[in-house]
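Residue numbers (UniProt numbering): 1 to 107. Even glycine gets a Cβ: it sits at the ideal position worked out from N, Cα and C. Because the structure is a prediction, the values reported are computed rather than measured. Heads up, the thing below is written out as structure tokens.
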């Protein structure tokens, strides 16, 4: 019986080796969305430019005019790129102002 006790004691006191757990946190960013204005036959250059200035934060009058020209001559322009919630807001505001909008699309 002494042999059994010493074997049990030896097993209980031997160190247990466990592999290190990999605890990496992989952060995924939310995708950005593009707000795209399409060319149409009824909105004037002035109206499109004013809407861009009014609803797209931080846009200058010159940049709004450049985007309006791009909309007219190329058929569309990406007027803003960013998080989905803000993209939805700007898209809705521009649409309600009468601009022709492409569906939101992931950037």
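Less than 7 Å separating the Cβ of residue 77 from some heavy atom of the ligand GTP?
With respect to the ligand GTP, the structure shown offers nothing to examine, as it has no ligands at all.
Looking at the secondary structure, which residues open and close the beta strand (DSSP E) in which residue 69 lies?
Run containing residue 69: none in the beta strand (DSSP E); it sits in the alpha helix (DSSP H), 61-74.
When you compare each of 26, 37, 29 to residue 79 by their alpha carbons, which one comes out closest?
Answer by Cα proximity: 37.
Ordered along the chain, which non-local residues of its own chain (more than five positions away) have a Cβ less than 6 Å from that of residue 48?
Counting only Cβ-Cβ distances below 6 Å, and skipping sequence neighbours, we find 68.
Hey, residue 81 and residue 32 are a contact pair by Cβ (cut 8 Å); roughly how many whole angstroms apart?
Their Cβ separation, rounded to whole angstroms, is 5 Å, which keeps residue 81 and residue 32 in contact under 8 Å.
For residue 128, tell me which candidate among 35, 23, 70 has the shortest Cα-Cα distance.
For the chain, the structure presents residues 1 to 107; residue 128 sits outside this window and is missing.
Under the three-state reduction of DSSP, which class applies to residue 30: helix, strand or coil?
Looking at residue 30 - three-state DSSP - the assignment turns out to be coil, as it is neither helix nor strand.
Would you decide whether residue 30 is buried or exposed? Buried here means 16 or more other CB atoms lie within 10 Å of its CB.
Under this definition residue 30 is an exposed residue.
Provide the residue span of the alpha helix (DSSP H) that contains residue 89, from first to last.
Counting along the chain, the alpha helix (DSSP H) containing residue 89 begins and ends at 84-96.
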